[in-house]
Amino acid sequence: RKEVEQDPGPFNVPEGATVAFNCTYSNSASQSFFWYRQDCRKEPKLLMSVYSSGNEDGRFTAQLNRASQYISLLIRDSKLSDSATYLCVVNINNAGNMLTFGGGTRLMVKP
Amino acid sequence: EAGVTQFPSHSVIEKGQTVTLRCDPISGHDNLYWYRRVMGKEIKFLLHFVKESKQDESGMPNNRFLAERTGGTYSTLKVQPAELEDSGVYFCASSQDSRELGEQYFGPGTRLTVT
């Protein structure tokens with residue numbers, strides 16, 4: 006079983022749609038949680054951290070459910086520029102700062 | 005402010021040859037990480053430097069891989085001898101403070117192809 010699991014997609018949605026991605030992680034001792042965005046043949050870039058209380062940044066909302074070991078990302082009013090791969094990332098190592106990545110969910114926003 | 009830079013952007017070598025990848029972190033970042041993504045797989049951690057010291061090298065696949073960060077500035081990752089399964093994209097990342105868990109800034113990667 007992978008440490009961080011995501012539906013690879015692709016999710017094909019029209020502009021303006023709301024789309025949600027989910028992610029599960031296997032290590033209950035995981036400390037920190039993030040969503041990274043990766044454009045084709047580019048490096049991953051931090052989109053947002055995920056907090057237990059849930060957090061919002063503009064059109065993006067992230068939620069964490071520690072009991073279910075589940076993380077979500079909601080994108081409202083999708084833009085063409087949101088097309089990318091969204092990586093669920095977990096910091097599992099308490100002593101260090103190693104990031105563990107999911108395989109990514111590909112989003113394609115169509116006009 | 006310049007971001008993380010990596011050199012070369014692409015490298016094509018034959019099996020058995022040696023390749024050295026370089027990473028220049030963001031100025032002032034003590035923490036430097038190497039990751040790689042092989043075809044069809046997720047990005048995997050290789051190792052973590054704090055200044056010139058290896059903090060965690062649990063992800064290094066085998067002793068054909070050698071990472072150094074002399075002087076605590078730029079880092080090199082040498083693969084010797086390269087094997088076909090080493091092909092992939094090698095990312096470097098840096099962060100200022102390891103307490104800021106996850107706030108790692110990635111370089112553009114080096115795409116390595118071993119033929």
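Same order as they appear, the protein sequences are chains B and D. If you read the first sequence in the working numbering, its first letter stands for residue 6, the second for the next number, and so on. If you read the second sequence in the working numbering, its first letter stands for residue 5, the second for the next number, and so on. Ideal Cβ positions, reconstructed from N, Cα and C, are used throughout, including at glycine.
| Item | Value |
| --- | --- |
| So for G92(D), helix, strand or coil by DSSP? | strand |
| Can you say whether D62(B) is buried or exposed, counting buried as having 16 or more other CB atoms within 10 angstroms of its CB? | exposed |
| Out of M103(B), K115(B), Y91(B) and I97(B), point me to the one whose CA is closest to P13(B)'s CA. | Y91(B) |
| Hey, S35(B) and N96(B) are a contact pair by Cβ (cut 8 Å); roughly how many whole angstroms apart? | 7 Å |
| Would you verify that the beta carbon of E46(D) is, or is not, closer than 7 Å to some beta carbon of chain B? | yes |
| Can you check whether the C-beta of F26(B) is within less than 7 Å of a C-beta belonging to chain D? | no |
| Going by the CB atoms, is the gap between G63(D) and L50(D) shorter than 7 Å? | yes |
| Report the rounded CA-to-CA distance for R115(D) versus P85(D), giving the unit in angstroms. | 17 Å |
| Pull up the distance between the alpha-carbon of I30(D) and that of G7(D), whole angstroms please. | 5 Å |
| Look up I17(D) in the DSSP assignment and give the residues it is bridged to. | V118(D) |
| Taking the alpha carbon of P116(B) as the point to measure from, which residue in S33(B), T29(B) and K84(B) has its own alpha carbon closest? | K84(B) |
| Judging by CA-CA distance, which residue of R41(D), N67(D) and D28(D) is the nearest neighbour of F53(D)? | D28(D) |
| Between the region 66-81 of chain D and the region 107-116 of chain B, can you find at least three pairs of beta-carbon atoms closer than 8 Å? | no |
| Specify the secondary structure class of T23(B) as computed by DSSP and reduced to three states. | coil |
| Going by C-alpha to C-alpha distance, which of L36(D), L70(D) and I17(D) sits closest to S98(D)? | L36(D) |
| Could you name the residues of the same chain whose beta carbon sits closer than 7 Å to that of E3(D), not counting the 5 residues immediately before and after it, in chain order? | Residue 3(D) is absent from the structure shown; chain D starts at 5 and stops at 119. |
| Could you pull out every residue in the same chain whose Cβ sits closer than 7 Å to the Cβ of Q21(D), ignoring the five residues on either side in sequence? | P85 and A86 |
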